[in-house]
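A short worksheet on the structure shown next.
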Amino acid sequence: MDFKKSSHSVNIICSGTERYSFVSHLSRALGRRGISVSVFADADVKKHETDSFPDDQNHVVSVMVFSETYKSSIPWFATHLEGHKNKGYVVVPVFYGVDSSVVKSDLECLTTLPEDGNLTRHQSSDSELVKEIVRVVHGKLSYTERIGTYSRLLEIENLICQQPWDVRSLGIWGMPGIGKTTLAKAVFDQIHSDYYASCFIEKFDEGFSEGKPQRLLKEKILNIVITKLDVSSTYTTRLSLLRDKLRDTRILLVLDDVRNPLVAESFLGRLDWFGHGSLIIITSRDKQVFALCQVNQIYKVQGLNEQEAQQLFSQTAFGKDVPEQDDKELSKKVFHYANGNPLALTIYGQKLKGKKSSTMEAAFLELKRCPPEKIQDGIRSVYNTLGDNEKHIFLSIACFFKGENVDYVAELLKGCGYFPRAGIDILVDKCMLAISENILQMNDLIQDIFRHIITGDRIQMKKCTTLWQPSSIRYEEDELKGDGQLRETPECLMVTKEIQGMSLDTSNVMFTVNSDAVKNMTSLRFLKIYNSHSKNAPGLKFPEENFLLSKLRLLHWENYPFKSLPENFDLQELVKLNMPKSKLTELRAITENLQKLKMVDLRHSSELVEFSIHEYAQNIEMIDLQGCKGLESFPAMTKLQNLQVLNLSGCSNIKAVPGLPPNIKELYLEGTSIEELPKSFAASIEHIDLESASSYNQGFRKLVRLIMKNCTRLRSLVDMCELESLQVLNLSGCSSIEEIKGLPKSIKELYLAGTRIRELPELPESLEVLNAHDCKLLKTVRLGFKQLPRHYTFSNCFSLSSETTAEFLEKGVTRVIMSATEENQEHIKTRAFNMCFPADKRHSTFFRWREGPCVTVERPPRTQKTLLGFAMSVLVSFPEKSHDLADLGIMCTCTWGTKKGHFGKIERVFKCWTPTEAPSVEKDHMFVLYDSEIHPDAGEQTDSDDEIKFEFHTVSGENKLLGDTSCMVKGCGVKVITPPEADKLVSGITRESKAINIIEEDTIVTDQEETLPSPGEPEVTSAGDIEHEYLHQKPEATSSSSSSSESHKQVKSKGIAIWKWLACFRHKKLKSRKRLTRVLQESKEKDKIKLVDDEDQIKHVHPRHR
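And the structure:
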């Protein structure tokens, strides 16, 4: 199905008499705008004695035409009007030759529709009314599909523009329901007119089997060949001949929802039948499709952000953009559960629509337990394409390994007969899994749907290899005889022997487990017993008997109730032992064969006094004994060549670490009694967490994190510049530290709260987070950052000079502006920063300052598409010695009106401190905030007014407004941030990035302010082309008269030179450094321009000027 038949779908409901007159004209007009129309008339239904109206979720807008004969069809209209409203459709009533008030008196349900949607023929002719209906419908459709689309379109456009001028291709990749087809249609709609021929093939795999792709290509492209290439239609009936004639034709082709890459590959061939400049877009849920189809760029569709998701859910469930205060918590839960998936958000909104607030929570929980079929279908379709290896791996991860390190999971699964690396890669490619920082991530929605699918597919328990539901495990209990022996049923015997994994949440279990039930699970490999609700007492009771689980590879048992492991507990196959909060008093090796054991986690096992299992576990990689307060000594670990992580935090009785292995990377000693690190420290260490140390005089070039909080006796440090890899340095609470000699260029986070430092060395460009809370002696900070700071805190720094804070403000805002000249502007719109200083009245001049929590600003005209955001200043008063402010936040509410009388609203909560801070704040403080997403998006709010209102309030960690007795907002100000003018832009590129220098050898008398020309598309291959373009686009700069002065000629000469330079970046063919150099060198002699040859010169130039 091509795009114009499926991009938008509209129903027209009428009584029947006007179907072949007015409605016919309306249908054709909508069709010309690419809107698919389905007409349903009461007369047709009566004729066929059936209601043929379909339940199609694609039809989100319905036009109801009420003519003079409407009274005979009142039941017809009433039924469908109610049905449409219940399904969340947008209804546009049209009163064709009748009085709207009369119709509404007959159909009371019409009175609930917005008045601005009513259209009538009394004030217009048929043609004018049709035009108005098309305009309204198009606006309604755009509104329903706009959320989150515009910013993603810009990202896709950027990827397309990065490709050379050849046959270009783009893959749009994402999980089911994420919006791939919507984005592809939006891209098609935006650019299809730029191509000689275009075709959108929806549901490609289904259509291919029916011959639709070939038919559509002939229908859509054959006409172009006939008219533009003057070719006989009979000559191009064969696809191969058609391809031959299209080799020099620019074509836009979209293949939607490709699932079988071999089919798409055979259809596309070698791509040699597409002309230069052609674009192929493929959407798929499987990344492998793009590799086989030779796709150059892949765009992964992410879920909607929280604001977008709440807007979509609120529109569907509550009929408004922003949910009421009572519904906000539910909206957040739905967002996090659906992970921003638009299809899931829409369906959940439809299912919850019309329910009372008091019952919505329970209804949502029921939907989680039993997901709607429309959501299940997408996940099931992917699951059905998986092989047995991938299905087993997926089930294991869903039940046991979500959130675990991928390397350890692969090690655990490898010994079970699976091929984990290949299987995990396939699951990632099919968007069922994600890997972030080497951690396996699975969406809660996917996990629940997958479990539901597996549960539904079980016809008999004998097919089950993994148990995770209490009812399933209780089934195993019930199949035992009174003497503990299995009932003599082959089916039950097979069940017990085939069980490979058991995951049990004890918060929902209220029975005692018979040990024989577990003992007979001879194939058990993964055992996970946990409590998802820590406040609930464990309802599961195990008898203290022996377990013969010889194949067990994972033992995860929270709150293990016994003092030791069973004597004959066979651990030869064990890879991970995870028993936090256990009652163990000792953990020693029961067997000498523990070569497969890699991880031991006994966190907060407070009764543990002996740890010696490592003696026979030579391959162990991680030992976590955090909070084991009963442990008084720790054995030497020098022989453990593979040990990389050792956590002894909170082991308050540990006074020394006698020996460490040579390859250890992370060492956590916070809360121990260790005062000094051993001299024979491992040079490979990357992370040290130490408290109460009195000295630190060693430098480790591989050290990434150094945490030395509350080392009150620590007076000096080595020169930190030697730590070339250091990213995090935490000296908070080191109250004797007075000086830092230097900071490495790699540093990203610096915590200095409570130190006696008076002056900071120049801050490296890499620094993102700086916490100098309560550094009351700090006076000066030398700034050197060229990137946006993320979170700088100077609370209670009352000695800080006003010059320093003013410089911070100026540089922070300047960096936002300059970033727009160096990077993609849409990329900048993901940035935000937060700075805090003691209040100073002199800072109010930098903003439009107002007393109280509200301020209104006017957006400069013609800045909708270039607006970078707003810098906001908020003055907050704190009661004397304010405590318990760890979760303090500032809520910003931004509202604006539209020209149609509606309003838009955005809310953001800025956390005042980083998560590790809980400061005690004195006096008034000013917070300077910036978030580029706080503004009416130019692509999605094109009818917004220029007046924007901001309102600020302090909130708690749960985003609840704080009362007047606590800290409150005393004043606020807002500064509009837009890109610089053309002359500032040119000088900014030269001055800031220093990536390209253009040196004019002649003397320049003065500068003349010029504006950037709009980006064009003509191909530029020579300096002559550039000059020709400049002369046509800037005639005022090249016109001459008798009164022109010599200085004006010099200005004109410089203008031509610079605009030639900028023109190079505006054309896709001149992105490469080599081609740009050639073109500029051609003009070097003529205009005396010198080009500084820098390898990095291209990448710092804003894409707008390429």
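For the sequence shown, full-length UniProt numbering begins at 1 and goes up steadily by one. Note that CB positions come from ideal geometry on N, CA and C, so glycine has one too. Remember, predicted model here, so these are calculated numbers, not experimental data.
- Message: Rounded to the nearest angstrom, what separates ASP106 and GLU18 at their Cα positions?
- Response: 20 Å
- Along the chain, where does the alpha helix (DSSP H) that runs through THR182 open and close? 180-191
- Task: Closer than 8 Å by C-beta to GLU621: which residues in its own chain qualify, once you throw out the five before and the five after it? Chain order, please.
- Result: LYS598, MET599, ASN642, LEU643, GLN644 and VAL645
- Which residues in the same chain as ASN663 place their Cβ atom closer than 8 Å to its Cβ, once the five residues preceding and following it in sequence are excluded? GLN641, ASN642, LEU643, GLN644, ALA682 and SER684
- Evaluate the contact criterion for the segment 261-272 versus the segment 399-417: three or more CB pairs, one atom per stretch, below 8 Å. no
- Task: Could you pull out every residue in the same chain whose Cβ sits closer than 6 Å to the Cβ of ILE449, ignoring the five residues on either side in sequence?
- Result: PRO371, GLN376 and ILE379
- Message: Residues in the same chain with beta-carbon distance under 8 Å from LYS181, minus the five sequence neighbours each way, listed in chain order, please.
- Response: Here the sequence assigns Thr to residue 181, which means Lys is not the residue at that position. Excluding residues within five positions, the ones whose Cβ falls inside 8 Å are GLU202, ASP256, ASP257 and THR283.
- Item | Burial state of ARG553, where buried means 16 or more other Cβ atoms lie within 10 Å | buried
- Message: So if DSSP puts TYR299 in a beta bridge, which residue, or which two residues, is it bridged to?
- Response: ILE172
- Message: Between TYR150, SER151, ILE178 and VAL263, which has its C-alpha nearest ASP205's C-alpha?
- Response: VAL263
- Pairwise C-alpha distance: LYS748 and ALA728: Just to set this straight, residue 728 is Val in the shown sequence, not Ala. So the alpha carbons of these two residues sit roughly 6 Å apart.
- Query: Since PHE77 and TYR96 are thought to touch, with beta carbons under 8 Å apart, how far apart are those beta carbons, to the nearest angstrom?
  - Reply: In fact, because the Cβ distance is near 13 Å, the residues do not count as touching under 8 Å.
- Minimum length 3: unbroken beta strand (DSSP E) runs contained in the segment 381-429: none
- Just the C-alpha distance for VAL90 and GLU82, rounded to the nearest angstrom, thanks. 12 Å
- For SER523, I'd like the list of residues in its chain whose CB is within less than 7 Å of its CB, leaving aside the five on either flank, ordered along the chain. LYS497, GLU498, ILE499, GLN500 and LYS551
- Query: Does DSSP classify ILE996 as helix, strand or coil?
  - Reply: Residue confidence for ILE996 is low, a pLDDT of 31 falling below 50, so the modelled location carries little weight and cannot support an answer.
- Query: Which value, in whole angstroms, describes the spacing of the CA atoms of ASN341 and ARG152?
  - Reply: 14 Å
- Task: Helix, strand or coil for TYR150, going by three-state DSSP, please let me know.
- Result: helix
- Message: Check this for me: beta carbons of ARG758 and LEU731, under 8 Å apart or not?
- Response: no
- Item | Close beta carbons around GLY1024, own chain, < 6 Å, minus the five adjacent residues each side | At GLY1024 the pLDDT is 41, less than 50, meaning the model places this residue with poor confidence; the figure from the coordinates comes in the next sentence. Nothing meets the Cβ criterion.
- Message: Here's a check: name, in chain order, each residue in its chain whose Cβ is nearer than 6 Å to the Cβ of ASN647, leaving out the five neighbours to either side.
- Response: ASP624, GLN626 and TYR668
- Query: Between MET968 and LEU962, what straight-line distance do the alpha-carbon atoms span, to the nearest angstrom?
  - Reply: 8 Å
- Message: Quick check on the burial criterion: 16 or more other C-beta atoms within 10 angstroms. Buried or exposed for LYS576?
- Response: buried
- Message: I'd like to check one pair, VAL94 with ALA29: are the Cβ atoms closer than 8 Å?
- Response: no
- From GLY1016 to ILE35, what does the alpha carbon distance come to, in whole angstroms? With a pLDDT of 37 at GLY1016, under the threshold of 50, the modelled position of that residue is not reliable, and the figure given next carries that caveat. Their backbone Cα atoms lie some 30 Å apart in a straight line.
- Task: Please confirm if ILE688 has its CB atom under 8 Å from at least one CB of chain C.
- Result: Within the model displayed, chain C is absent; a lone protein chain is all it includes.
- With DSSP run on the structure shown, which of helix, strand or coil describes CYS721? helix
- Item | DSSP state of LYS104 mapped onto helix, strand, coil | helix
- Relative to the C-alpha of GLU558, which residue among GLN572, PRO323 and ASP601 is closest? ASP601
- Three-way DSSP call (helix, strand, coil) for VAL334 in this model: helix
- Query: Looking at the unbroken alpha helix (DSSP H) that takes in ARG32, where does it start and where does it end?
  - Reply: 22-32
- Query: Alpha carbon to alpha carbon, how far is SER169 from TYR418?
  - Reply: 36 Å
- Task: Using alpha carbons as the reference points, say which of ASN389, LEU312 and ILE890 lies closest to GLU958.
- Result: ILE890
- Query: What number of angstroms, rounded off, separates the C-alpha of LYS355 from the C-alpha of ALA398?
  - Reply: 32 Å
- Taking the Cβ atom as the reference point for each residue, do TYR348 and LEU365 lie within a distance shorter than 8 Å? no
- Query: Using CA coordinates, which residue listed in HIS604, THR755 and LEU750 is at the minimum distance from SER736?
  - Reply: THR755
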